[in-house]
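Per the UniProt record's numbering, numbering through the sequence shown is continuous, rising by one, with the last residue being 91.
Working notes, structure below.
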Amino acid sequence: MPGVRRIMISLPENLLEEVDGFASLEKRNRSEFIREAMKLYISERKRKTLREQMKKGYQEMADINLSLAVENYEVEAEVQNFYDTKLAECK
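Here it is as structure tokens:
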């Protein structure tokens, strides 16, 4: 396989037995199984990081929206009073 490097890793015996068991069930060798597990782990970490960034962004936007609502409350109340007054004059 081009672009593949061989590495050495240390695993506890019980984890290696589990890896071998799952690899056997999926008719894969250790390398294929571990390669796929690492890809899935990296993908999940990226997804988790993105979710955390989005959550933070939404929280920041909520703070901004609340701040804008508070700032404009008086102006909106003034406009509503003006509107109500003009509407009452039309009756």
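Glycine included, each C-beta is placed from N, C-alpha and C at the ideal position.
When the options are compared against residue i, the one with the closest alpha-carbon
i   : options            : result
I34 : R45, R51, L50, L16 : L16
R5  : M54, E74, S31      : S31
8 Å contact criterion, which residue i and residue j should meet: CB distance rounded
i   : j   : result
A23 : N14 : Their Cβ separation, rounded to whole angstroms, is 15 Å, which puts A23 and N14 out of contact at 8 Å.
If you scan the UniProt domain "Ribbon-helix-helix protein CopG" (5-42) from start to end, which runs of the alpha helix (DSSP H) of 4 or more residues do you find wholly inside it?
13-25
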